[in-house]
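Peer 1: First the structure, then my questions, so here it is.
Take a look at the structure:
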């Protein structure tokens with residue numbers, strides 16, 4: 001039997017709520033049809049935002065939303081998305097699907113969406129094809145309260161008060177679609193551009209996000225950190241508050257990717273192994289960052305992560321629309337546990353993407369909306385937001401899988417908030433249950449607050465518009481509590497939450 005020891009007297013770090021963030025790009029049907037249907041739609045909406053989607057997202061305590069990209073960010077010119085919608089510039093979205101982008105969803109609409117969601121704002125600026133002046137004026141337009149050309153323009157467009165920008169990304173994937181830059185070139189451009197991302201309100205400072213590496217490009221991290229910290233006052237910590245990291249799980253590789261719903265046992269373990277690689281990435285990139293930032297002033301922002309499969313048959317290949325099965329629930333559970341365990345450095349993360357694109361938490365089709373298995377994992381894990389990570393250690397965990405895709409059978413993280421301890425567990429085995437003995441070091445008598453599970457008899461199970469509740473969050477009962485000890489039986493392919501006090 002595997003064993004989990006929880007030191008409930010040792011708090012390690014705060015799990016930033018923003019670790020549970022999301023990403024919305026002008027890509028496929030994420031923004032249009034997914035989040036925004038327009039004020040005149042027959043689909044119930046508030047100021048154009050889908051009521052059903054907004055309410056569902058509020059239920060998982062969405063903490064932060066990233067926009068407008070992604071690759072789209074470095075070809076987005078913010079002035080195209082302000083003012084009268086009838087006169088906004090139309091363009092072809094050359095990155096995603098070759099469809100017309102009418103810019104009816106712009107700065108005002110994004111801020112209105114975040115207002116309805118009650119979440120923080122993460123705006124990604126255009127360094128790749130934009131200018132310093134353009135980026136500077138966008139920040140002024142959004143956040144300056146006094147008299148200025150951009151503040152006056154915002155007021156003329158109907159919004160008197162400035163908005164709050166919580167996070168601002170200075171470019172995106174500038175090693176690739178954001179300009180194919182070298183790390184040294186980007187880092188110097190970052191230093192220049194970020195200078196003009198000004199904090200007009202000292203009480204509401206904008207946290208600046210530097211473009212970090214693609215997966216395991218440790219050279220990029222090293223060179224960017226070196227250049228940004230060179231000849232820089234220590235209190236400015238490289239002119240950045242966070243540095244990004246992107247990692248997607250392609251079960252069969254970039255060229256083939258593989259089906260979201262049609263996979264064998266080997267495909268299951270490939271996916272689990274590649275999801276667990278996130279832990280290695282965070283450790284190795286953090287070791288590089290530590291050389292320049294030993295006090296951890298700079299957070300890691302894993303602002304694109306999740307599964308990426310071949311698109312669903314018959315859909316636009318540029319829309320990246322895919323289904324979401326129990327396998328994706330496990331990827332979400334595993335990854336969020338990893339983020340929790342690294343919350344001393346990981347301060348923000350955004351699963352890609354929010355609706356109808358890649359590993360979405362919600363899918364829509366006309367008036368219909370369904371919650372994916374990934375949604376239900378985020379709903380269970382919401383209790384970790386803002387909690388204190390507790391020291392915990394697994395032992396006697398068996399290794400499962402095949403060949404090079406072997407993985408540990410169980411994955412976990414533990415936190416405490418308001419006197420309640422939340423334990424989240426994943427059984428990565430596609431076929432076998434796993435028993436787990438949990439011991440808390442403080443010899444208190446604990447009682448159950450709640451326990452929930454996401455699982456199914458078939459790992460291919462997913463929700464459809466015809467059967468929207470094939471896979472949901474249900475009560476978990478396969479546990480016993482005796483003082484400071486718990487015995488748990490985890491069904492095969494399951495994500496479990498146990499809350500005790």
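In the numbering used here, the protein residues as written are 1 to 501.
A virtual CB, placed ideally from N, CA and C, is assigned to each residue, including glycine.
#1: Using the rule of at least 16 other Cβ atoms within 10 Å of the residue's Cβ for burial, across every protein chain shown, is residue 305 buried or exposed?
#2: Would you call the CB atoms of residue 169 and residue 273 closer than 9 Å?
#3: Which residue's Cα is closest to the Cα of residue 57: 423, 349, 361?
#4: Does the beta-carbon distance from residue 425 to residue 444 come in below 9 Å?
#5: Looking at the structure shown, is residue 330 part of a helix, part of a strand, or coil, going by DSSP?
#6: Just to confirm my understanding: we take residue 342, look at its own chain, exclude 5 residues before and 5 after, and list those with CB closer than 6 Å. What are they?
#7: Within 10 angstroms of its Cβ, does residue 432 collect 16 or more other Cβ (buried), or is it exposed?
#8: Quick check on residue 383: does DSSP put it in helix, strand or coil?
#9: Tell me the rounded alpha-carbon separation between residue 475 and residue 451.
#10: Going by the CB atoms, is the gap between residue 359 and residue 370 shorter than 9 Å?
#11: According to DSSP, residue 410 sits in a beta bridge with which residue or residues?
#12: Can you give the Cα-Cα distance for residue 261 and residue 236, rounded to whole angstroms?
#13: Please check the pair residue 318 and residue 138, which I expect to be a contact at CB under 8 Å, by giving their CB distance rounded to whole angstroms.
#14: Among 91, 24, 109, which one has its Cα closest to the Cα of residue 102?
#15: Would you kindly report the start and end of the unbroken alpha helix (DSSP H) that includes residue 302?
#16: Is the distance from the Cβ of residue 136 to the Cβ of residue 218 below 9 Å?
#17: Taking just the CA atoms, how far does residue 447 sit from residue 214?
#18: Look at the alpha carbon of residue 499 and the alpha carbon of residue 415, and state the distance between them as a whole number of angstroms.
#19: Just list the residues that DSSP pairs residue 391 with in beta bridges.
#20: Relative to the C-alpha of residue 252, which residue among 244, 245, 239, 270 is closest?
#21: For residue 257, which of helix, strand or coil comes out of DSSP?
#22: Return the chain-ordered list of same chain residues with a C-beta closer than 8 Å to the C-beta of residue 390, the five sequence neighbours on each side being excluded.
#23: Unbroken alpha helix (DSSP H) runs of length 4 or more, entirely within the stretch 144-183: which are they?
#24: Under a Cβ-count criterion, where at least 16 other Cβ atoms within 10 Å of its own Cβ denotes burial, should residue 502 be classed as buried or exposed?
#25: Run the proximity test for residue 16: is its beta-carbon closer than 8 Å to any non-hydrogen atom belonging to the ligand FMN?
#26: What is the residue span of the beta strand (DSSP E) that residue 246 lies within?
#27: Spell out whether any CB of chain B is found under 9 Å from the CB atom of residue 333.
#28: Residues in its own chain within less than 8 Å of residue 399 by CB, not counting five upstream and five downstream?
#29: Is the stretch 74-93 close to the stretch 377-385, with three or more CB pairs under 8 Å?
#30: Mapping the DSSP letters down to three states, classify residue 319 as helix, strand or coil.
#31: Return yes when the Cβ of residue 25 is within less than 9 Å of the Cβ of residue 63, no when it is not.
#32: Starting from the C-beta of residue 143, find all residues in its chain whose C-beta is less than 6 Å away, skip the five residues before and the five after it, and write them out in chain order.
#33: Going straight from the alpha carbon of residue 328 to that of residue 186, what length do you get?
#34: Determine the contact status of residue 292 and residue 258, defining contact as a CB-CB distance below 9 Å.
#35: Kindly identify the DSSP beta-bridge partner or partners of residue 465.
#36: With a threshold of 7 Å on Cβ separation, who are the neighbours of residue 562 within its own chain once the five nearest residues in sequence on each side are excluded?
Peer 2: Considering the structure as presented:
#1: Buried, by the Cβ-count rule.
#2: no
#3: Checking every option, the nearest Cα to that of residue 57 belongs to 361.
#4: no
#5: helix
#6: 282
#7: exposed
#8: helix
#9: So the alpha carbons of these two residues sit roughly 6 Å apart.
#10: no
#11: Residue 410 pairs with 427.
#12: Distance from the CA atom of residue 261 to the CA atom of residue 236, rounded to whole angstroms, is 47 Å.
#13: No, residue 318 and residue 138 are not in contact; Cβ-Cβ is about 26 Å, not under 8 Å.
#14: Ranking the options by Cα distance to residue 102, first place goes to 91.
#15: It is not in any alpha helix (DSSP H) - residue 302 instead sits in the beta strand (DSSP E) that spans 299-307.
#16: no
#17: 44 Å
#18: 10 Å
#19: 7
#20: 270
#21: Three-state result, residue 257: coil.
#22: 6, 7, 8, 10, 11, 12, 414, 415, 416, 421
#23: 149-156
#24: Not covered by the structure: residue 502. The range shown for the chain is 1 to 501.
#25: Summarising the ligand content, the structure contains no ligands, and the ligand FMN is consequently not present.
#26: 242-249
#27: Here chain B cannot be found, since the structure has a single protein chain.
#28: 406, 407, 408, 409
#29: no
#30: helix
#31: No, they are not a contact pair.
#32: 162, 165, 200
#33: Their Cα atoms are separated by approximately 34 Å.
#34: no
#35: According to DSSP, residue 465 bridges with nothing at all.
#36: What the structure shows of the chain is the stretch from 1 to 501, and residue 562 is not part of that stretch, so it cannot be assessed.
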